[in-house]
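A.B. asks: Read in the numbering used here, the sequence shown has 635 at position 414, and its numbers run on one by one without any break.
Ideal Cβ positions, reconstructed from N, Cα and C, are used throughout, including at glycine.
Every value quoted in this text rests on a predicted model; they were computed, and no experiment measured them.
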Amino acid sequence: MNLQSVLLSRFKNALSKIGAPENAPTPLGKSTRPEFGEYQFNGAMALAKILRQKPRDIAEKIVEAVEINDIAEKLEIAGPGFINIHLKSEWMAEQLENAIKDARLGVEKQPTQTVVVDYSSPNLAKEMHVGHLRSTIIGDAVARALEFMGHKVIRQNHMGDWGTQFGMLLAHLNDKLASNEVAETALSDLEDFYREAKVRFDNEDGFADRAREYVVKLQGGDEQCLKLWHQFIDVSVAHSEEVYEKLGVSLTRDDIMGESAYNPDLNATLSALQEKGLAVEDQGAQVVFLNELADKEGNPAVYIVQKSGGGFLYSTTDQAAIRYRCQKLNADRTLIFTDARQALHFKQTEIVARKAGFIAENQSYEHCPFGMMLGQDGKPFKTRSGSTVKLADLLDEAVERAEKLIRARADKLDGANEAGLSEVEQKEIARKVGISAVKYADLSKNRTTDYIFNWDTMLSFEGNTAPYLQYAYTRVQSIFRKAGVDPQSVNFAINLGEAQERVLAVKLLQYVESLNQLVSEATPHVLCSYLYELASCFMTFYEACPILKDGVETDKKESRLMLAAMTAKTLKSGLDLLGIDTMEKM
Ligand code: ARG
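And the structure:
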């Protein structure tokens with residue numbers, strides 16, 4: 222059941238009953254204060270303009286016409302013509318009683334679409350660094366949520382496994398193997414390896430030429446070269462997989478669809494662009510001129526698809542990827558998660574692909590940009606010595622810090638702590654808290670803005686953080702342990718007597734709204750905010766409405782246990798979609 226859509230359809234009916242035109246706006250939002258009810262319908266003002274009548278008169282007509290007695294206990298007209306909707310407690314209770322029995326918590330699936338999600342996509346020539354963290358985490362949460370909402374999700378890890386820098390790397394690898402090193406040792410630190418190769422490329426006589434030869438040979442399918450390339454890729458992919466494992470993201474080897482996979486289609490892609498008259502020769506290169514992105518002087522933007530030497534580029538691969546996704550996979554939507562600096566590339570890419578007919582009218586191509594992760598100094602996140610931070614190191618540090626924190630808490634809580642956690646349990650909790658803290662700090666920020674990476678805030682048990690939500694979840698679980706009731710199978714009547722109970726109930730019914738917004742806008746922070754508000758509503762409710770205290774009547778206790786169980790289930794479901802672990806005790 223979607224509260225927002227149920228209300229909306231009632232008001233739409235009312236508008237048509239009073240003769241409003243088909244396209245009259247129907248703004249419906251959540252009320253900002255409990256005195257104004259739970260929702261507010263604000264369509265009267267706009268309609269008044271269209272019909273040239275007084276807004277309050279229109280509001281009165283709407284209130285008269287709307288059939289909503291089963292859902293709302295009262296409608297109130299306020300101000301110039303706002304309609305405040307106070308929901309019926311009995312109706313909300315009934316909705317919740319139904320939702321709690323449902324494995325999907327009452328969240329209806331959307332009509333299925335095929336959605337390609339291109340995320341993580343590190344460049345294999347180097348170690349994965351923090352820049353790929355955001356793509357991996359955000360993309361993974363969106364992919365999971367899309368699946369939950371009933372879509373067919375095709376994950377694609379568009380790894381940078383092709384291109385000119387591989388010539389230099391393969392030449393260097395060749396020499397190392399020739400002097401009896403094995404690939405795994407030679408490539409144990411990709412950063413070092415890359416640096417060494419670059420030094421040779423810049424300084425060593427003849428090396429650069431050999432590197433260029435290797436590129437040509439590789440692209441021509443030379444066997445010895447491909448063998449070296451495979452060795453390199455295997456080790457590098459294994460590095461990425463270690464990070465995925467640590468992060469608990471759902472990407473597997475089968476999801477890899479790297480740049481090299483499109484190599485066989487690059488010539489055909491170029492031909493298609495030429496046949497359409499889009500790609501033309503310019504100083505030996507093949508380019509598409511884009512008048513729609515001309516500069517101030519009217520010079521069109523230049524989108525290169527083949528270099529003068531014949532080499533293909535990142536852009537050519539993206540065109541081929543579009544052909545595959547839109548024409549072979551029939552993707553209704555393609556979502557690509559990269560940092561905002563690539564926005565222009567994807568804008569140009571989409572324009573070219575649409576003109577070429579690679580993307581059909583009803584298919585969408587959505588670059589989902591994100592801001593940068595910054596250090597405390599507001600500059601791009603770096604290590605103390607100024608080099609890029611390796612993802613693997615960052616995650617290890619997160620777990621170490623969480624371990625200290627959990628140990629300190631356990632010492633403080635000792636005695637008062639019903640759980641009495643063993644050393645092993647503490648370690649496992651620390652791992653979950655540490656990794657989750659990093660992931661959640663990223664997910665909870667508005668995707669498009671830069672954010673400052675801060676260990677102390679992300680590991681805090683207060684505020685919109687992973688530890689706060691994980692703790693909120695365990696608190697509810699501990700209520701059930703004390704009550705000796707299984708939260709999975711509670712089945713009592715719900716009665717919403719107190720204001721805090723109503724507030725919590727409405728919040729619980731709004732889970733689906735946050736999910737719908739998340740999947741349509743590819744913004745996990747919407748779900749984070751929702752879960753944080755839900756946990757806060759629960760804490761307020763729990764303070765005002767005791768559950769297990771002596772003297773609480775049985776039916777009240779049971780009803781409150783239902784609200785608590787629904788809170789736990791919703792928190793768990795939402796955190797699962799975000800890829801955040803929950804635990805029974807901490
Ligand atoms: N490998 C690229 C990078 O690290 C991201 C690829 C994104 N996907 C795409 N289809 N271009 O910046």
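#1: With C-beta atoms as the reference, is L752 less than 9 Å away from I700?
#2: Going by beta-carbon coordinates alone, are L612 and V351 separated by less than 9 Å?
#3: Between the stretch 667-683 and the stretch 586-595, do at least 3 Cβ pairs fall closer than 8 Å?
#4: How long is the line joining the alpha carbons of N484 and D361, rounded to whole angstroms?
#5: From the DSSP output, which residues share a beta bridge with D503?
#6: What does a CB cutoff of less than 8 Å around A785 pick up in its chain, not counting 5 residues either side in sequence?
#7: Whether or not the stretch 563-576 and the stretch 536-545 are in contact is what I'm after, with contact meaning three or more pairs of Cβ atoms, one per stretch, closer than 8 Å; do they touch?
#8: For T357, does the count of other Cβ atoms within 10 angstroms reach 16, so buried, or fall short, so exposed?
#9: On the CB-based measure, 16 or more other CB atoms within 10 Å of its CB, does E348 come out buried or exposed?
#10: Excluding the five sequence neighbours on either side, which residues of its own chain have a C-beta within less than 7 Å of the C-beta of A746, listed in chain order?
#11: Let me check understanding here. Comparing Cα to Cα, which of A314, M804, F579 lies closest to Q647?
#12: Check whether the stretch 681-690 and the stretch 652-663 touch, using three or more Cβ-Cβ pairs below 8 Å as the test.
#13: Check whether the Cβ of W553 sits closer than 8 Å to any heavy atom of the ligand ARG, and report yes or no.
#14: H588 lies in the beta strand (DSSP E); which residues open and close that run?
#15: Given a cut-off of 9 Å, decide if L550 and V363 are closer than it, judged by their beta-carbon atoms.
#16: Would you say A493 and F579 are within 9 Å of each other, going by their C-beta atoms?
#17: With R630 as the anchor, note down where its alpha helix (DSSP H) starts and where it stops.
#18: Under the rule that 16 or more other beta-carbon atoms within 10 Å means buried, what is Q597, buried or exposed?
#19: Within the stretch 725-775, note down every full beta strand (DSSP E) run reaching 3 residues or more, in order along the chain.
#20: Just grab the DSSP bridge partners of V403 for me.
#21: Starting from D339, follow the beta strand (DSSP E) in both directions and report where the run begins and ends.
#22: Would you grab the beta carbon distance between L408 and V456 for me? Rounded to a whole angstrom, and I think it's under 8 Å.
#23: May I ask whether a heavy atom of the ligand ARG can be found less than 8 Å away from the beta carbon of I700?
#24: Of the residues L411, A561, K653, which one's Cα is nearest the Cα of F453?
#25: Would you call the CB atoms of M787 and L317 closer than 9 Å?
#26: Smallest Cα separation from I801: which of C547, V287, I359?
#27: Specify the secondary structure class of N290 as computed by DSSP and reduced to three states.
#28: Closer than 8 Å: is that where the CB of I298 sits relative to any heavy atom of the ligand ARG?
#29: How is the alpha helix (DSSP H) around K251 delimited, first residue to last?
C.D. replies: Looking at the coordinates:
#1: Cβ atoms of L752 and I700: not closer than 9 Å.
#2: yes
#3: yes
#4: 26 Å
#5: A506
#6: V697, I700, F701, P708, F759, Y763, I768
#7: Result yes; three or more Cβ-Cβ pairs closer than 8 Å.
#8: Burial state of T357 is buried, judged by a 10 Å Cβ sphere holding 16 or more other Cβ atoms.
#9: buried
#10: Looking at the sequence shown, residue 746 is not Ala but His. The residues are L664, S665, K666, N667, R668.
#11: M804
#12: yes
#13: Residue identity differs from the one stated: residue 553 is Asp in this sequence, not Trp. Flag unset: Cβ of D553 not near the ligand ARG.
#14: 585-591
#15: no
#16: Closer than 9 Å, so yes.
#17: 612-634
#18: exposed
#19: none
#20: Answer by DSSP bridge pairing: none, since V403 is not bridged.
#21: 335-339
#22: 4 Å
#23: no
#24: L411
#25: Contact flag set, yes.
#26: I359
#27: coil
#28: The answer is no for I298.
#29: Segment 249-251 is the beta strand (DSSP E) holding K251; no alpha helix (DSSP H) there.
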